[in-house]
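> Starting off with a structure, shown below.
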Amino acid sequence: MTVTHTPPRNTPAAPTAGRRLIRRGLPTALLLAVLVILVIVPAGFVLHSAFTADGAELTLSNFGVLFTGTMTGALLNSALVGLGSTALALTFGCSLAFLSARTDAPCRKLIYFFGILPLFLPAFVGALAWAVLGSPASGLINLVLAEVGVPPLVDIYSYGGVVFVLGLYYAPYAFMLVHAALSLMNPDLEDAASLHGAGTGSMLRTVSFPLVKPAVLGAAVLVFALTVENFPVAQVIGVPGQLDTLPALIYRLMNASPSRSGDAAAVAVLLTVLLMLAVAVQHRAVSRTRFTTLTGKGVRARRIALRRWRLPALAAASLYFLLSTVLPVAALAVAALQTSPYLADLNQLGTSGALSVLPALDIIGSTDFLSVLGNSVTVGIGAAVTGTVLCFALSYTRHRSRSVGRGVLEYVAMLPLAVPAIVLGLGLLRTWLTIPLPVFGTLLVLIIACVAIFLPQGYRGVSSSILQLDRDLEDSAVMLGATRGRAIATVTVPLLRVGLSSTFLLLLMLAMRELTAVLFLYTTDTRVLSIAIFDAYDNGSLHDAALLSLLYCAVIAVLAALARRFGAKESV
């Protein structure tokens, strides 16, 4: 008998436990390294600047600025502005949400449109428009009052002016949060109160409004955080009225001669601590108490009959639309078409040659404008593509993989919510001046800044879509022989097309309107539209600033239309 010996095949050795651990932790490690460069290192540089003198010697002297009268006044003003604008934003946003979601007011869809429209008009542009409308000397509103013999009544350069503008343009945040809570409320609870004899007012006071309390509290803290860190409105309206705030103080310290970067970093640390406390309060307000008002069966929001208040309710909603959109856009149009830089009375607009589109055409056709527009589009598309890809990788690793330590990715990705944009801009400036890579002075650093600032919004958008998608669809492709990478590319990504498109367009729109962080990072060759508007205003050219603002709004309107077209929900 002949025995044939078959040589053993060279089968790969089974990976050891250590190798498996490294392999499973590699995706998290790579993504965490990216997040460290985007978020942690810039924040660390700000912290380092606050505790060092001339970038080397450790000191606490920079924090001496916190005990000056200027700092105390800026801190108090920021707190008062935040509280006042939050109260006004909640008044506007919650009222519109209630009218469109829970009442029989006429034109409810139109009221909903009024509630979200100011999202697409940046607060910076709104501040410029209201500077044209409410200037005490030559504001259009005061000129109209002068025509009927009424002395000037409006002074936008005041505490009330800052609160008014911020309240107008941050009301949509409250509107969206409260509208969602009101729309998802189970009407059985209200019906039970009515059956036990409660009137409409009593039912709303004891059942409906308490059930949306978490949404209102969450919206309040969110709006407070956003308004406290807002720089453009404080600079355009607050500074001329000698109303100093923390973001405006940081900007002034950085632009002092010589630059007081250490003092600016100390103020930035304080502002970041305040924002972190606000975010912590928001999280506690939303998560501490849970109200289950949506069950498995279908629900339909109960409509509250307004009776004789139906038309006044529509009129009030229209007034908000008038103040937030119609008047500002009209004021920008008048300022953009004026041929004279000064307007003494309204009769001047009726004279021959007072209004002309020729200067506007000259600006639009100029090489400088085309360069700025090209830079804006490049930064917007670059930030949107990069941010969408990064957010998909982060969300997929967090929710679909078994990578070791993946939970930490979510915490770091959401960290920019608690770091003001002006603080992150300071940190990014130091980061890319220090890292030996030829990034500073290019559009790439602006793309990096926009990705870092808007990372939480992108991550939330992609995560919500991934969590709605059953993972069995992708696993089935793997079981049929596809590699994991191919299954992601051919199954998961196509099924997430709507969510990814919405995230892309959201990041594109946000990047196009960003100003605060970009202020510290741009050069003469990398100016974008928001910087061009700010420079025109800063140099006293209100005509150019108004014209560029109108073009800015037109671009954002196109992006909003695209977001509605491609980001709408579709069945898969």
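Mind the numbering: the sequence shown is residues 1 to 572 in my numbering, read in order.
Each residue gets a CB set at the ideal place from its N, CA and C atoms; glycine is no exception.
Computed from a prediction, not measured in an experiment: that's the story for all the values here.
By DSSP's criteria, Ile304 is part of a beta bridge. Which residues make up the other side?
Your numbering for residue 304 matches position 304 in the sequence shown. Partner(s): Thr103.
> Would you call Asn375 buried or exposed, if buried means 16 or more other Cβ atoms sit within 10 Å of its Cβ?
As a first step, residue 375 is located in the sequence shown; it is residue number 375 there, counting from the start. Buried is the call here.
> If contacts are defined as beta-carbon pairs under 8 Å, then Leu547 and Ile422 qualify, I think. What distance do you get, rounded to the angstrom?
For the purposes of this step, residue 547 is taken as residue 547 along the sequence shown, with counting starting at 1. For the purposes of this step, residue 422 is taken as residue 422 along the sequence shown, with counting starting at 1. Incorrect: roughly 27 Å between the Cβ atoms, too far for contact.
> Any chance the stretch 158-171 sits against the stretch 99-113, with 3 or more Cβ pairs inside 8 Å?
no
> Which ranges does the alpha helix (DSSP H) cover as unbroken runs of at least 4 residues, wholly within the stretch 234-290, from first to last along the chain?
246-254, 261-287
> Could you check the C-alpha separation between Met176 and Lys109 for me, to the nearest Å?
On the sequence shown, residue 176 is found 176 positions in, with the first residue counted as 1. On the sequence shown, residue 109 is found 109 positions in, with the first residue counted as 1. Cα to Cα, Met176 sits roughly 14 Å from Lys109.
> Which one or two residues does DSSP pair with Ala52 in a beta bridge?
Taking the first residue of the sequence shown as position 1, residue 52 is located at position 52. For the sequence presented, residue 52 should be read as Thr rather than Ala. Paired residue(s): Leu58.
> Check whether the stretch 82-91 and the stretch 214-232 touch, using three or more Cβ-Cβ pairs below 8 Å as the test.
yes
> Can you list, in chain order, the residues of its chain with a C-beta nearer than 6 Å to that of Pro122? Leave out the 5 residues immediately preceding and following it.
Translated into the one-based positions of the sequence shown, residue 122 becomes position 122. Result list for Pro122: Arg513, in chain order.
> To the nearest angstrom, how far is the alpha carbon of His179 from that of Pro359?
Here the question's residue 179 lines up with position 179 in the sequence shown. Here the question's residue 359 lines up with position 359 in the sequence shown. Going by the C-alpha atoms only, they are around 43 Å apart.
> Taking the beta carbon of Leu346 as the centre, do at least 16 other beta carbons fall within 10 Å, making it buried, or is it exposed?
The count along the sequence shown starts at 1 and reaches residue 346 at position 346. Burial call: exposed.
> Short check: CB of Thr388 to CB of Leu500, under 9 Å?
Counting from 1 along the sequence shown, the entry for residue 388 is found at position 388. Counting from 1 along the sequence shown, the entry for residue 500 is found at position 500. Yes.
> Just how far apart, CA to CA, sit Pro240 and Arg400?
Here residue 240 is taken as the residue at index 240 of the sequence shown, counted from 1. Here residue 400 is taken as the residue at index 400 of the sequence shown, counted from 1. If I take the Cα positions, the gap works out to 52 Å.
> Can you list, in chain order, the residues of its chain with a C-beta nearer than 6 Å to that of Asn62? Leave out the 5 residues immediately preceding and following it.
Indexing the sequence shown from 1 puts residue 62 at position 62. Within the same chain, Asn62 has close Cβ partners Ala50, Gly262, Asp263, Ala266.
> According to DSSP, what are the bridge partners of Gln338?
Residue 338 sits at position 338 when you count from the first residue of the sequence shown. Looking at the DSSP assignment, Gln338 forms a beta bridge with Leu355.
> If you draw a straight line from the alpha carbon of Leu495 to that of Leu467, how long is it in whole angstroms?
Taking the first residue of the sequence shown as 1, we reach residue 495 at position 495. Taking the first residue of the sequence shown as 1, we reach residue 467 at position 467. Going from the Cα of Leu495 to the Cα of Leu467 covers about 12 Å.
> Using the Cβ count rule (16 or more neighbours within 10 Å means buried), how would you classify Met479?
Locating residue 479 in the sequence shown gives position 479, counting from the first residue. So Met479 counts as exposed.
> Rounded to the nearest angstrom, how far is the Cβ of Leu355 from that of Leu337, given a contact under 8 Å?
For the purposes of this step, residue 355 is taken as residue 355 along the sequence shown, with counting starting at 1. For the purposes of this step, residue 337 is taken as residue 337 along the sequence shown, with counting starting at 1. Sure, about 4 Å apart at Cβ, within 8 Å.
> Helix, strand or coil for Thr378, going by three-state DSSP, please let me know.
Against the sequence shown, residue 378 aligns to sequence position 378. Reduced to three states, the DSSP call for Thr378 is helix.
> Within 10 Å of its beta-carbon, does Thr292 have 16 or more other beta-carbons around it, so buried, or fewer, so exposed?
Taking the first residue of the sequence shown as position 1, residue 292 is located at position 292. With a pLDDT of only 44 at Thr292, under 50, the local geometry of the prediction cannot be trusted, and the value read off the model is given with reservation. Result: exposed.
> Tell me the DSSP secondary structure of Arg471 in three-state form.
Position 471 of the sequence shown, counted from the start, is the residue given in the question as residue 471. Coil, per DSSP.
> Do Leu332 and Val154 have their C-beta atoms closer together than 9 Å?
Within the sequence shown, the letter at position 332 stands for residue 332. Within the sequence shown, the letter at position 154 stands for residue 154. Not a contact, by the Cβ cut-off of 9 Å.
> Tell me whether Ile381 counts as near the ligand HEM, meaning its Cβ is closer than 8 Å to at least one heavy atom of that ligand.
This structure lacks the ligand HEM, and indeed carries no ligand of any kind.
> According to DSSP, simplified to helix, strand and coil, what is Arg406?
Residue 406 sits at position 406 when you count from the first residue of the sequence shown. In this structure, Arg406 counts as coil in the three-state DSSP scheme.
> Need the endpoints of the alpha helix (DSSP H) that Asn142 sits in, please.
Here residue 142 refers to the residue found at position 142 when the sequence shown is read from its first residue. 140-147 is the span of the alpha helix (DSSP H), which, as asked, contains Asn142.
> Using C-beta distances below 8 Å, list every residue in its chain close to Leu409, excluding the 5 sequence neighbours before and after it, in chain order.
Walking along the sequence shown from the start, residue 409 turns up at place 409. So the qualifying residues of the chain are Thr28, Leu31, Leu32, Leu35, Leu394, Thr397, Arg398.
> Do Ala418 and Val279 have their C-beta atoms within less than 9 Å of each other?
Here residue 418 is taken as the residue at index 418 of the sequence shown, counted from 1. Here residue 279 is taken as the residue at index 279 of the sequence shown, counted from 1. Yes, they are a contact pair.
> Over what stretch of residues does the alpha helix (DSSP H) that includes Leu426 continue unbroken?
As a first step, residue 426 must be located in the sequence shown, where it is residue number 426. From DSSP, the alpha helix (DSSP H) with Leu426 extends over 421-434.
> At which residues does the alpha helix (DSSP H) containing Gly134 begin and terminate?
If you number the sequence shown from 1, residue 134 lands on position 134. Here the alpha helix (DSSP H) through Gly134 covers 123-134.
> Looking at C-alpha atoms only, which residue of Leu58, Leu99, Ala532 is the closest neighbour of Arg307?
The residue labelled residue 307 in the question sits at position 307 within the sequence shown. For Arg307, the nearest C-alpha among the options comes from Leu99.
> Using the C-alpha atoms, what's the distance from Ala335 back to Gly134?
Here residue 134 refers to the residue found at position 134 when the sequence shown is read from its first residue. Here residue 335 refers to the residue found at position 335 when the sequence shown is read from its first residue. Taking the straight line joining both Cα atoms gives about 13 Å.
> Is the separation between the beta-carbon of Gly425 and that of Ala305 shorter than 9 Å?
The count along the sequence shown starts at 1 and reaches residue 425 at position 425. The count along the sequence shown starts at 1 and reaches residue 305 at position 305. Cβ distance not < 9 Å, so Gly425 and Ala305 don't count as in contact.
> Report the residue ranges of all alpha helix (DSSP H) runs contained in full by the stretch 511-549; include only those spanning at least 4 residues, in chain order.
529-538
> From this set, Asp525, Arg402, Ser158, which residue's C-alpha is nearest Val236's C-alpha?
The residue you call residue 236 lines up with position 236 of the sequence shown. Nearest of Asp525, Arg402, Ser158 to Val236, Cα basis: Ser158.
> With a threshold of 8 Å, are at least 3 pairs of Cβ atoms found where one atom belongs to the stretch 520-531 and the other to the stretch 441-454?
yes
> Name the two residues that bound the continuous alpha helix (DSSP H) containing Pro312.
Position 312 of the sequence shown, counted from the first residue, corresponds to residue 312. First-last of the alpha helix (DSSP H) with Pro312: 310-321.
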